[in-house]
Amino acid sequence: RALAEAGDTSRTGKFEWVDGVLVRAVREGHWLVVDNVNFCSPSVLDRLNPLLEPNGELVINERGADADGRLQTVRPHTDFRLFLVMNPANGEIS
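Here my numbering is used: position 38 in the sequence shown is 47, and no number is missing along the way.
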């Protein structure tokens with residue numbers, strides 16, 4: 010709507026990937042705290058598992074394949090750290 014109001018008709022609506030907090034932390038070597046991890050759905054935790062393995066990586070299949078049909082993968086920066094924090098009174102990690 011804002012583009013139409015501004016008279017910019019050169020753009021069409023299309024999907025553009027923007028890296029989120031996790032992907033930026035993995036790439037740039039930041040520390041990331043996931044609080045109340047026991048509230049995460051099992052599918053979220055399943056996505057994190059390959060990243061936490063030795064020589065792990067994060068596969069970003071939501072971004073789609075590149076021109077060669079490969080999915081984007083991100084290897085963690087050597088300074089990347091992930092802290093999973095939970096309150097055991099709220100249950101266990103699934």
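A virtual CB, placed ideally from N, CA and C, is assigned to each residue, including glycine.
- Here DSSP, grouped into helix, strand and coil, assigns V53 to helix.
- With a beta-carbon spacing of about 7 Å, L80 and I69 fall inside the 8 Å limit used to define contacts.
- For V35, the closest of H86, N96, L93, N99 by C-alpha to C-alpha distance is H86.
- For the alpha helix (DSSP H) assignment, the uninterrupted runs of no fewer than 4 residues enclosed by the stretch 31-96 are, from N- to C-terminal side, 51-61.
- The criterion of a C-beta distance shorter than 8 Å is not satisfied by H39 and F92.
- For N58 and P51, the gap between their C-alpha atoms comes out near 11 Å.
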